[in-house]
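For reference, the structure is listed below as structure tokens.
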Amino acid sequence: MSDAKTFFLDEEEIPFEEGQTIIQAALSAGKYIPHLCYHPEFKPHGSCKLCTVRIDSRTVTTEDGQSVKIPGRAAASCTTPAQAGQHVESEVPEIQDLRRTLIQMLLVEGNHYCPSCEKSGKCLLQGLAYDLGVMDPHFPQYFSKREVDASHPDVLLDFNRCILCELCVRASAEVDKKNVFAISGRGHTKHLICNSESGELGDTNLAATDKAANVCPVGVILHKRHGFEVPYGQRRFDKAPISDNPAQYAPVKEQV
Amino acid sequence: MNAPLPKRKLKVATTSLAGCFGCHMSFLDIDERILDLVELVEFDRSPITDIKHCSPDCDLGIIEGGVCNAENVHVLHEFRKNCKILIAMGACAINGGLPAQRNSLDIRDILAAVYAQPGRGVHIPNDPEIPLLLNEVHPLHEVVKIDYFLPGCPPSGDAIWKFLTDLLAGRTPTLGFGLIHYD
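Listed below in structure tokens is the structure:
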């Protein structure tokens with residue numbers, strides 16, 4: 001890198017270029033930071049908080065000689081610019097515990113029945129849960145009542161699994177220039193909607209080849225007539241943990 | 001780390017609630033290792049032994065399936081009362097699993113669709129012998145305290161073996177990559 005500056009991620013020196021966020025620099029350097037709503041091709045969204053890191057924690061010595069750690073500020077690494085010399089904690093028990101809790105909350109909030117989901121084995125939520133060792137839901141199951149939209153000839157929407165990452169919203173707006181998807185409502189009524197008079201996907205101009213139809217990290221946007229094609233044991237997260245190949249998430253273009 | 005378990009054969013009770021028995025079939029997939037297991041445990045109430053009620057001094061209770069009817073609630077409470085440690089095994093026990101996909105539907109509509117449609121019968125069965133259905137299928141931890149969760153649909157024989165050997169050795173059970181599965 002030309003004007004190489006560095007910061008420290010879990011005590012390892014990471015080079016970055018001016019304007020890069022922490023997660024962009026980390027992924028470029030082959031270091032994985034867990035994330036769901038971040039995608040290297042789109043503007044950062046900062047909503048899932050899975051990529052939360054702790055920045056510049058300090059250890060101080062008290063009057064009686066005890067060492068006490070004062071936690072640094074928590075920040076979403078997808079929206080926080082990398083700065084020279086900062087110390088970032090990611091794969092530490094405290095942060096991983098918080099990530100596990102976030103995953104558990106996402107799992108109970110939607111109806112994530114992996115055995116009947118066509119995305120199982122290549123679902124990022126599932127892959128992250130495996131990687132973080134999530135064994136239990138911890139919270140009461142929400143059992144939300146949501147619809148399925150099968151009105152499109154090639155694409156099926158199962159809203160039960162939506163995690164509101166807005167990847168499809170951003171892909172449709174930024175790449176496809178179609179604005180097919182949007183998020184409506186607030187709080188627990190927040191949900192994904194389609195931009196058509198009827199509200200149905202079949203009445204939008206979405207094509208199965210659109211970026212928006214191919215970016216869903218979970219099993220909401222599914223292609224019809226393509227279910228369960230890869231046998232159990234040979235699917236993406238059967239073969240390797242999600243954290244195994246950070247390069248696949250590395251930024252493809254410079255952006256903030 | 002758990003408290004050390006007693007130096008005697010541990011009593012293990014198992015049951016299937018609203019599940020498909022797949023987890024018990026997977027349990028048998030530990031194959032010849034079951035010979036090592038019976039050196040460490042004796043089976044109490046279980047489909048393997050056909051004992052109808054738990055002994056009051058069971059050490060482990062392993063439960064497959066969620067809670068979908070009044071009898072499931074009763075059995076689950078009996079397990080909690082008689083077992084020191086309860087394990088929710090499999091997707092149905094952990095989040096309701098596939099049976100819980102009925103939770104978005106009205107129970108009356110479901111019963112009518114199954115039993116009171118032309119060609120399928122004329123009335124919804126109402127015999128006191130038949131356990132009363134709950135409005136929704138529930139995971140176990142919403143009804144009683146669960147100590148450990150073993151995910152999978154079903155968990156593989158290897159995952160069950162790793163989980164039980166960890167537990168019997170006094171370690172907190174962990175499943176590494178390849179053994180932890182939700183499907």
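Read top to bottom, the protein sequences are chains A and B. Under the UniProt record's numbering, the first residue of the first sequence is numbered 1, with each subsequent residue one higher. Under the UniProt record's numbering, the first residue of the second sequence is numbered 1, with each subsequent residue one higher. Don't be surprised by glycine CBs; every beta carbon is placed ideally from N, CA and C.
- According to DSSP, G66 (chain B) shares a beta bridge with B:A18.
- A distance below 8 angstroms separates the beta carbons of G66 (chain B) and C92 (chain B).
- In the three-state reduction of the DSSP assignment, P128 (chain B) falls in the coil class, being assigned neither a helical nor a strand state.
- K190 (chain A) is a Cβ neighbour of L164 (chain A), given a cutoff of 8 angstroms.
- Apart from sequence neighbours up to five positions away, the residues of its chain that approach D238 (chain A) with a beta-carbon distance below 6 angstroms are G121, ordered along the chain.
- Residues of chain A with a Cβ closer than 7 angstroms to the Cβ of P151 (chain B) are, in chain order, M135.
- Using a C-beta cut-off of 8 angstroms, the region 123–131 of chain A makes no contact with the region 191–198 of chain A, since fewer than three inter-stretch Cβ pairs fall below that distance.
- Taking a C-beta distance under 8 angstroms as the contact criterion, L37 (chain B) and L164 (chain B) qualify as a contact pair.
- A direct Cα-to-Cα measurement between A150 (chain A) and Q104 (chain A) gives close to 28 angstroms.
- For I22 (chain A), the enclosing alpha helix (DSSP H) covers residues 22–28.
- For Q96 (chain A), no CB of chain B lies under 8 angstroms from its own CB, so it is not counted at the interface with that chain.
- Take the alpha-carbon of K49 (chain A) and the one of N205 (chain A): they are about 32 angstroms apart.
- Taking 8 angstroms as the upper bound for CB-CB distance, E71 (chain B) and P131 (chain B) are in contact here, some 4 angstroms apart.
- Under the three-state reduction of DSSP output, M89 (chain B) falls in the strand class.
- For A113 (chain B), there are no C-beta contacts with chain A under 8 angstroms, since the nearest C-beta of that chain is about 17 angstroms from it.
- In the same chain as Y113 (chain A), and ignoring 5 residues on each side of it, no C-beta atom comes closer than 7 angstroms to its own.
- Per DSSP, F159 (chain A) lies in no alpha helix (DSSP H) segment and is marked neither H nor E.
- Under the DSSP assignment, L133 (chain B) falls in the beta strand (DSSP E) whose first and last residues are 133–138.
- Taken through DSSP and simplified to helix, strand or coil, E142 (chain B) comes out as helix.
- For F143 (chain A), the chain B residues whose C-beta falls within less than 8 angstroms of its own C-beta are G96, A100, N103, S104, E136, listed in chain order.
- Comparing alpha carbon positions, the residue from B:A169, B:D106, B:A13, B:D147 closest to V137 (chain B) is B:D106.
- The bridge partners DSSP lists for S67 (chain A) are A:T61.
- Sequence-distant Cβ neighbours of G46 (chain A) in its own chain, meaning closer than 8 angstroms and more than five residues away, are C37, A76, C78, T79.
- Taking the C-beta atoms as reference points, P34 (chain A) is found nearer than 8 angstroms to R99 (chain A).
- By the neighbour-count definition (other C-beta atoms within 10 Å, threshold 16), V220 (chain A) is a buried residue.
- Residue contact check for P93 (chain A) against chain B: no CB pair falls below 8 angstroms.
- Within chain B, the residues placing a beta-carbon under 7 angstroms from that of Q126 (chain A) are Y182, ordered along the chain.
- The criterion of a C-beta distance shorter than 8 angstroms is satisfied by V155 (chain A) and H223 (chain A).
- Rounded to whole angstroms, the separation of the alpha carbons of Q83 (chain A) and A25 (chain A) is 10 angstroms.
- For T52 (chain A), the enclosing beta strand (DSSP E) stretches over residues 52–55.
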